[in-house]
Amino acid sequence: MTVEEYLGGGEERDAHDPHVRRVIAQTLARLLRLTEGIDEPELAEGWEPYGGNGWGEPHNALFDFGATAAGAEWIDELASAAWPRSQVGRQVVGHTDWVTKHFRFRGLDVDAIYDWDSLRLASEPSILAGAAVHFPYTEAFDVPRVASLEELRAFVSEYEQERLSRFTPEEGRAVAAHAVLVIAYTARCEHAGDPTGHRPSGSYREALAEFGEELLS
């Protein structure tokens, strides 16, 4: 259970703005410095979308992956290829829903961050990849909710700069693999709701088809 103080004021910002993106990436790196050394077993408990045996139980009963498997083979194959590469990285405590809708800004500065029940002990590549894929998500503006490949890579680079050390090649591959798993899971949910094979503009299916293989190359 978490209790959060309501902070009035502040405004949402479009994270496709490079400055906003950079601030969100840098603030994630600062958070992980602040939580360094925290090792609470309860924070490691949580739902996992994918494991060594494939997809786990979806986060919502609305999505039936088994009944909608036809046509989703290409999504499953990319997730299966990503999984072995993702098992690298130090354990950290990070915010697993690090998206702009949970930020409030005053001018160019962060004023508040919400949804602290999303704190979790997980690998650094998984925390970073989830943020790098989803950081633009908001309902406040009519903008793409998934990062482009260029934005995803810029987010990771800006995080690394604030981290003060670059990832090893193996860690970098793990970040990319986790990004594929994150995009593939939401693409699989989209497919469960619309198993026609359509890949609408701005969808996670479109993003996965456009650059999923490139992330794993």
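To convert, take the position in the sequence shown, counting from 1, and add 59; that gives my numbering. The beta-carbon is built from N, C-alpha and C at its ideal position, and this holds for glycine as well. These numbers come from a predicted model, not from an experiment.
Between which two residues does the alpha helix (DSSP H) harbouring residue i extend?
i	result
Gly189	183-193
Asp170	Premise fails: Asp170 lies in the beta strand (DSSP E), 168-172, not in any alpha helix (DSSP H).
Gln85	77-93
Asp253	Counting along the chain, Asp253 falls outside any alpha helix (DSSP H), and DSSP gives it neither H nor E.
Leaving aside the five residues before and after residue i along the sequence, list all residues of the same chain whose C-beta is less than 6 Å from its C-beta, in chain order.
i	result
Arg232	Arg144
Gly252	none
Gly271	Leu137, Val239
Val203	Sequence inspection shows Pro at residue 203; the Val mentioned does not correspond to that position. These residues qualify, in order along the chain: Gly261.
Phe122	Cys248, Ala251
Ile134	Ala243, Ala246, Arg247
May I ask you to list the residues that DSSP assigns as paired with residue i?
i	result
Arg225	DSSP output for Arg225 lists no bridge partner at all.
Glu70	Phe164
Val152	Leu180
Select from the options the residue whose C-alpha is nearest the C-alpha of residue i.
i	options	result
Glu71	His78, His118, Arg165, Glu132	Arg165
Arg247	Leu90, Gly69, Ala126	Ala126
Leu178	Thr245, Ala206, Pro77, Ile97	Ile97
Gly189	Trp157, Tyr173, Arg163, Glu209	Trp157
Ala141	Pro117, Leu121, Arg149, Asn112	Asn112
Glu132	Glu273, Val151, Trp106, Ala268	Ala268
Asp168	Leu274, Val82, Gly68	Val82
Ser182	Ala128, Pro77, Phe226	Phe226
Glu249	Glu101, Pro117, Asp176, Gly110	Pro117
Gly278	Pro77, Glu99, Phe124	Examination of residue 278 is not possible in this model, given that the chain is present from 60 through 276 alone.
Arg80	Leu275, Asp123, Glu209, Asn119	Glu209
Glu187	Asn119, Ala84, Asp76, Pro77	The sequence given here has Leu at residue 187, not Glu. Residue Ala84 is the option with its Cα nearest to Leu187.
Tell me which residues share the same chain as residue i and place their Cβ nearer than 7 Å to its Cβ, disregarding the 5 neighbours each side in the sequence.
i	result
Val147	Pro184, Glu229, Glu230, Ala233
Ala88	Tyr218, Glu221, Arg222
Thr245	Tyr263
Ile172	His161, Phe162
Glu265	Arg258, Pro259
Tyr196	Val158, Thr159, Lys160, Arg204
Quick one: what does DSSP say residue i is sitting in, helix, strand or coil?
i	result
Phe270	helix
Gly115	coil
Arg179	strand
Tyr196	coil
Quick check on the DSSP output: the beta strand (DSSP E) that includes residue i runs from which residue to which?
i	result
Arg163	162-165
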